[in-house]
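Have a look at the structure below before the remarks.
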Amino acid sequence: MKTIVANWKMNGSLGLLHQALNAWQMKDSPNIVVLCLPSVFLPAAHNLLHQPNFFMGGQDCHTNLQGAFTGDTSAQHLHDAGCRYVLVGHSERRQYHHESNALVKAKAQAALTAGLTPIICIGESLEQKEQGLTLSVLKEQIEHSVPDNKASDFYVAYEPIWAIGTGLVAALEDIQQVHAFLKKELGARIKLLYGGSVTADNYASILDLENVDGILVGGASLKADDFGKMVQYS
Ligand code: PGA
2 MKTIVANWKM NGSLGLLHQA LNAWQMKDSP NIVVLCLPSV FLPAAHNLLH
52 QPNFFMGGQD CHTNLQGAFT GDTSAQHLHD AGCRYVLVGH SERRQYHHES
102 NALVKAKAQA ALTAGLTPII CIGESLEQKE QGLTLSVLKE QIEHSVPDNK
152 ASDFYVAYEP IWAIGTGLVA ALEDIQQVHA FLKKELGARI KLLYGGSVTA
202 DNYASILDLE NVDGILVGGA SLKADDFGKM VQYS
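In terms of this note's numbering, the sequence shown opens at residue 2 and continues consecutively.
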């Protein structure tokens, strides 16, 4: 059983939500499916979900569970709205909102306190990859953005920044090497996802790799047919 995560980012529509959720739940899926949707769509999604292995996730949360933080999203509220998961530390948050490893760690801890499973995103830039720094960058990111309590339930998503939304997917050998490294560093209990230009053409070969517990899918999760195939992976 794999974990198949959709990250709609600030995309999609209520129309697509209805169409996609109906299509994806027509057949039983052998996998855990997590839909990280725009927050305003969560109540509608909650009403449409009926398969027991389908869950909702937030795309980010605040470090505080409540307070005077206009425009932010609380992990507690995501939980109230029916979410079981939340992405933290996505590279778009790290880049556009200047989120540090320490902030990401605090968000992951808030998620755990609220009863959510955080999916902590890490990944190297193209420059860092070209300088041969991938593993050291990832080591630093997990040291500083992953909660100390390894007994907690959480996921780590390896998303090379240069592979996100670019159509450039990491080589299978590289994914394999990085995931073996991360499993060793984090322990077998922590589930590892790969993300970055996962498509209907390459998802199966990525999911077949050792130490790949699932995928985090952006663009292709907005294509109902393509993501529908991934949901059915076995
Ligand atoms: P992508 O995005 O699949 O469009 O590359 C992945 C992500 O950002 O999580």
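Quick reminder that beta carbons are idealized off the backbone N, C-alpha and C, glycines included.
Which residues mark the beginning and the end of the alpha helix (DSSP H) in which residue i is found?
| i | result |
| --- | --- |
| residue 1 | With the chain running from 2 to 235 in the structure shown, residue 1 is simply not present. |
| residue 23 | 15-25 |
| residue 129 | 127-131 |
For the beta strand (DSSP E) containing residue i, list its first residue and its last residue.
| i | result |
| --- | --- |
| residue 108 | First-last for residue 108: 102-114, but that is the alpha helix (DSSP H), not the beta strand (DSSP E). |
| residue 217 | 215-218 |
| residue 271 | Residue 271 lies beyond the range of the chain shown here (2 to 235); nothing can be said about it. |
Compute the beta-carbon to beta-carbon distance between residue i and residue j, rounded to the nearest angstrom, for a pair I have assumed lies under 8 Å.
| i | j | result |
| --- | --- | --- |
| residue 146 | residue 102 | 4 Å |
| residue 136 | residue 157 | Going by Cβ atoms, the distance from residue 136 to residue 157 rounds to 14 Å, so no, they are not a contact pair. |
| residue 80 | residue 139 | The Cβ separation is near 29 Å, so there is no contact. |
| residue 114 | residue 66 | 7 Å |
| residue 218 | residue 6 | 7 Å |
| residue 32 | residue 234 | 6 Å |
| residue 92 | residue 54 | Actually they do not touch by this definition, with Cβ atoms about 28 Å apart. |
I need the straight-line Cα distance from residue i to residue j, nearest angstrom please.
| i | j | result |
| --- | --- | --- |
| residue 43 | residue 106 | 24 Å |
| residue 83 | residue 132 | 43 Å |
| residue 185 | residue 178 | 11 Å |
| residue 45 | residue 180 | 35 Å |
| residue 109 | residue 8 | 17 Å |
| residue 229 | residue 174 | 26 Å |
| residue 126 | residue 226 | 30 Å |
| residue 98 | residue 141 | 20 Å |
| residue 64 | residue 100 | 12 Å |
| residue 144 | residue 17 | 38 Å |
| residue 162 | residue 216 | 15 Å |
| residue 4 | residue 208 | 10 Å |
| residue 164 | residue 52 | 31 Å |
| residue 190 | residue 72 | 34 Å |
| residue 2 | residue 34 | 10 Å |
| residue 104 | residue 12 | 25 Å |
| residue 26 | residue 148 | 33 Å |
| residue 220 | residue 36 | 13 Å |
| residue 70 | residue 14 | 26 Å |
| residue 202 | residue 210 | 15 Å |
| residue 206 | residue 214 | 12 Å |
So is residue i in contact with chain C if we call contact Cβ pairs under 8 Å?
| i | result |
| --- | --- |
| residue 97 | Included in the structure is just one protein chain, with no chain C present. |
**OP:** Pick out the complete beta strand (DSSP E) segments inside the region 144-210, 3 residues or longer, and give them in chain order.
**Re:** 156-159, 192-196
**OP:** Determine, using beta-carbon pairs with one atom in the region 76-83 and one in the region 58-66, whether at least three such pairs fall under 8 Å.
**Re:** yes
Original post:
Using 8 Å as the threshold, is the region 164-179 in touch with the region 196-216, meaning 3 or more CB pairs across them?
Top reply: yes
Original post:
Counting pairs of beta carbons, one from the region 113-121 and one from the region 84-92, are three or more of them closer than 8 Å?
Top reply: yes
**OP:** Would you list, in sequence order, the uninterrupted beta strand (DSSP E) runs of no fewer than 3 residues that lie entirely inside the region 29-116?
**Re:** 33-37, 55-59, 84-89
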